[in-house]
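Just so you know, we're using the working numbering here: the sequence shown kicks off at 3 and counts up by one.
Every residue, glycine too, gets a C-beta built ideally from N, C-alpha and C.
Reading through the structure tokens given below for one structure.
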Amino acid sequence: MKILVTGAAGFIGFHLCSALIKSKFKTFGIDNFNKYYDVNLKKRRIKILKRSKLFNFKKIDIRNSLKLFNFFKKKK
3 MKILVTGAAG FIGFHLCSAL IKSKFKTFGI DNFNKYYDVN LKKRRIKILK
53 RSKLFNFKKI DIRNSLKLFN FFKKKK
């Protein structure tokens with residue numbers, strides 16, 4: 003099963019992705035790295051998640067429908 007998590011670099015998204023990876027789910031994370039809080043913290047979280055081959059990340063703002071469509075098209 004493949005699972006998409008939006009806001010993967012945020013607190014909830016990061017912990018959700020971690021749990022999904024531990025449960026052996028192929029996990030796709032997207033985030034726009036907005037400046038609501040420390041962007042460097044968000045980047046460190048993604049770096050941790052990328053240690054797993056089950057995790058794939060793309061910087062996308064979900065409001066950008068064209069980029070989101072292309073992401074879905076590539077990942078099926």
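Less than 6 Å between C-beta atoms, sequence neighbours within five positions excluded: which residues of the same chain meet that for Asn58?
Phe30
Using a 10 Å radius around the Cβ and a threshold of 16 neighbouring Cβ atoms, would you call Arg46 buried or exposed?
exposed
Short of 7 Å in beta carbon distance, which residues of its chain neighbour Ile62, apart from the five on each side in sequence? Order them along the chain.
Ile32, Asn34, Lys69, Leu70, Phe73
Which listed residue (Cys19, Lys75, Ser25) has its alpha carbon closest to that of Ala11:
Cys19
In its own chain, which residues sit with a C-beta less than 8 Å from the C-beta of Ile64, not counting the 5 before and 5 after it?
Thr8, Ile32, Asn34, Leu70
Contact under 8 Å by Cβ, Leu56 with Lys28
yes
Three-state secondary structure (DSSP) of Lys4
strand
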